[in-house]
Amino acid sequence: MDPRADRVTRAFRVAYDGREYAGFQRQPHARTVEGTLLRALADHGLIDRGDGATHAVPPGYAAAGR
43 MDPRADRVTR
53 AFRVAYDGRE
63 YAGFQRQPHA
73 RTVEGTLLRA
83 LADHGLIDRG
93 DGATHAVPPG
103 YAAAGR
């Protein structure tokens, strides 16, 4: 069976109050929106967790502003 058969593509539009974060883009030693979002998706088994150094970045992932 093709492993891609169960794959689902999703798009999210995210709005956030960034006062509690050090920006959107992941940073090694700071809490960021992107890091929190990807960690939550990995915690729920929706994306791979990654290797710890690169963290979880699903294929085809892209972030865009405005």
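Quick note: the sequence shown uses our numbering, first residue 43, plus one each step.
We put the CB at the ideal spot given by N, CA and C, even for glycine.
Note that the coordinates shown come from a computational prediction; the quantities given were computed from them, not determined experimentally.
Original post:
Grouping DSSP H, G and I as helix and E and B as strand, with all else coil, what is Ala-72?
Top reply: Within the sequence shown, the letter at position 30 stands for residue 72. Residue state, collapsed to three classes: strand.
Original post:
Using the rule of at least 16 other Cβ atoms within 10 Å of the residue's Cβ for burial, across every protein chain shown, is Val-50 buried or exposed?
Top reply: Start at 1 with the first residue of the sequence shown, and residue 50 comes out as number 8. Exposed, since its Cβ has fewer than 16 Cβ neighbours within 10 Å.
Original post:
For Gly-65, does the count of other Cβ atoms within 10 angstroms reach 16, so buried, or fall short, so exposed?
Top reply: Looking up residue 65 in the sequence shown gives position 23. The residue is exposed, with fewer than 16 neighbouring Cβ atoms inside 10 Å.
**OP:** Using 10 angstroms around the beta-carbon of Leu-88, count the other beta-carbons present and answer buried if the total reaches 16, otherwise exposed.
**Re:** As a working note, residue 88 is residue 46 in the sequence shown. By the neighbour-count rule (16 or more Cβ atoms within 10 Å), Leu-88 is not buried but exposed.
Subject >> Straight-line Cα distance separating Gln-69 from Asp-59 >> reply: Walking along the sequence shown from the start, residue 59 turns up at place 17. Walking along the sequence shown from the start, residue 69 turns up at place 27. Each residue's Cα considered, the two are about 18 Å apart.
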